[in-house]
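Below: the structure, in structure tokens.
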Amino acid sequence: MSDGDNSPFLIEDYRFLEPPRARSRRPRYWYLSLAAIFCIGIMTALLVMYFGGTTLVCRRESDQQTGVWSPLADAVVFEDINFANNFSHKSPYRGPPNPEIEREWNRLILFDPIGIEGDKLPRLNRSIVDPWTMATAPGHEREYIVAFEVFHQLHCLNLIRQYTWLDHYAVPPSSLRGGDRVGNRMHVDHCIETLRLSLMCNADITPFLTRNHDVNDPTNRLNAKADFDSFHKCKKWDPLVSWVRDHTWEKSNIDELRPAHHFKSTYDNHEEGL
């Protein structure tokens, strides 16, 4: 054996006897972490887009349901209530005319002026070039005068009520004065149409039930009685009135009758004046 053959093996020469070493998993773990972060980011973005889009859709649906823009929308507060509306239910708004009933109806009807800026007119589908009435009150000269449909509709409902009880007034109500039967009839028809349009536009799709009716009524084929005390989600009334009162520059006295009425008493022979 030559000196070269007797030379000791180098350590490197034994490496082929060692078992293969496992490759480091660190790079793989790093890629997995990156992939997980990427997936989480995508999922977060999708969730934000989904819920953000849902919120936007809900807002659009809400706008469509509640109507066009209105400054009074800031005062809207919803409440869940059961109507109290069976046939015999006592109400301060029902019955033959008397001072108390007239006062309660007049308290519902507010035509106190409210001003809006001109840039809001397009949101009402109106143009600034038309001759809309502008306010003259100090500090409101550049505002356009508006009222709210709900008060016009209540005025119309009150007018129809008064028309149906016209024989009970010693002096006809102001909206029906003058002895103009044709004009009065046209006014009433206008109000009927106003309420029809509003009822169909804001179609109340709340279900109501019927109860079994024990009375043997041949005209009642289902032998059932409607439950008109139905459950509703309503706009609270007082906050709307408070908002109008707080934002007008000309407050009417809602505690006085506008105008004074004289009534034919339903229960005795004397006239009752207010």
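Take the sequence shown: its position 255, counted from the start at 1, is 256 in my numbering, and no numbers get skipped.
C-beta atoms are modelled at their ideal positions from N, C-alpha and C, and glycine is treated no differently.
Would the segment 196-212 and the segment 170-179 be scored as touching if the rule is three or more Cβ pairs under 8 Å?
-> No, because fewer than three Cβ pairs between the segment 196-212 and the segment 170-179 fall closer than 8 Å, the two stretches do not touch.
When DSSP builds the beta bridges, which residues end up paired with Phe79?
-> According to the DSSP secondary-structure assignment, Phe79 is paired through a beta bridge with Lys236.
Please state if the CB of Trp166 and the CB of Pro97 are separated by a distance shorter than 9 Å.
-> A Cβ-Cβ contact shorter than 9 Å links Pro97 with Trp166.
Should Gly116 and Ile146 be called a contact, given that it needs their Cβ atoms to be closer than 9 Å?
-> For Gly116 and Ile146, yes; Cβs fall inside 9 Å.
Drop a sphere of 10 angstroms on the beta-carbon of His90, count the other beta-carbons inside from all chains shown, and report buried for 16 or more, exposed for fewer.
-> Looking at its Cβ environment, which holds fewer than 16 other Cβ atoms inside 10 Å, His90 is exposed.
Only counting runs of 3 or more residues, tell me where the beta strand (DSSP E) segments fall wholly within the segment 137-187, in order along the chain.
-> Runs of the beta strand (DSSP E) lying entirely within the segment 137-187 and spanning at least 3 residues, in chain order: 145-147, 170-172.
Given Leu210, which residues of its chain have a CB within under 6 Å of its CB, disregarding the five upstream and five downstream residues?
-> The answer, listed in chain order, is Asp228.
Neighbourhood of Val77 by C-beta, 6 Å cutoff - its chain only, sequence neighbours within 5 removed = If you ignore the 5 residues before and after Val77, its C-beta comes within less than 6 Å of the C-beta of Lys236, all in its own chain and listed in chain order.
Boundaries of the alpha helix (DSSP H) in which Asn107 is found, first to last residue = Bounds of the alpha helix (DSSP H) holding Asn107 are 100-109.
Is Ala85 helix, strand or coil when you go by DSSP?
-> The answer is coil: DSSP assigns Ala85 none of H, G, I, E or B.
Is Ile206 helix, strand or coil when you go by DSSP?
-> Three-state DSSP puts Ile206 in coil, outside helix and strand.
Proximity winner among Phe84, Gly140, Cys40, Lys226, relative to His248 (alpha-carbon distances) = Among Phe84, Gly140, Cys40, Lys226, the Cα nearest to that of His248 is on Gly140.
Separation of Ala74 from Val151, as counted between CA atoms | Near 13 Å, if we compare the C-alpha coordinates of Ala74 and Val151.
Taking buried to mean at least 16 other C-beta atoms within 10 Å of its own C-beta, is Pro93 buried or exposed?
-> Counting C-beta atoms within 10 angstroms of its own C-beta, Pro93 has fewer than 16 neighbours from the protein chains shown and is therefore classed as exposed.
Selection from Phe84, His153, Ser71, Glu142 that minimises the alpha carbon distance to Leu109 | Selected option, being the one with the closest Cα: His153.
Where the beta strand (DSSP E) containing Gly116 begins and where it ends | First-last of the beta strand (DSSP E) with Gly116: 115-117.
Return the Cβ separation of His233 and Ile82 in integer angstroms, given the expectation that the two are a contact with Cβ distance under 8 Å.
-> That pair is a contact at about 6 Å.
Could you check what DSSP says for Lys91 in three-state terms: helix, strand or coil?
-> Here DSSP, grouped into helix, strand and coil, assigns Lys91 to coil.
When burial is assigned at 16 or more other CB atoms within 10 Å of the CB, is Leu48 buried or exposed?
-> Leu48 should be labelled exposed.
Among the residues of its own chain, which have a CB less than 8 Å from the CB of Ser71, if the five just before and after it don't count?
-> Taken in chain order, the residues that qualify are Phe149.
Work out the CA separation of Leu122 and Pro132 for me, nearest whole Å.
-> Straight-line Cα distance between these residues: approximately 12 Å.
Which residues in the same chain have their Cβ closer than 7 Å to the Cβ of Arg212, if we skip the five residues on either side of it in sequence?
-> Within its own chain, the residues whose Cβ lies closer than 7 Å to the Cβ of Arg212, once the five positions on either side in sequence are excluded, are Ala225, Lys226, Asp228, listed in chain order.
As assigned by DSSP and simplified to three states, the class of Lys252 | In the structure shown, Lys252 adopts coil according to DSSP, grouped into three states.
DSSP on Arg127, reduced to helix/strand/coil?
-> In the structure shown, the three-state DSSP call for Arg127 is coil.
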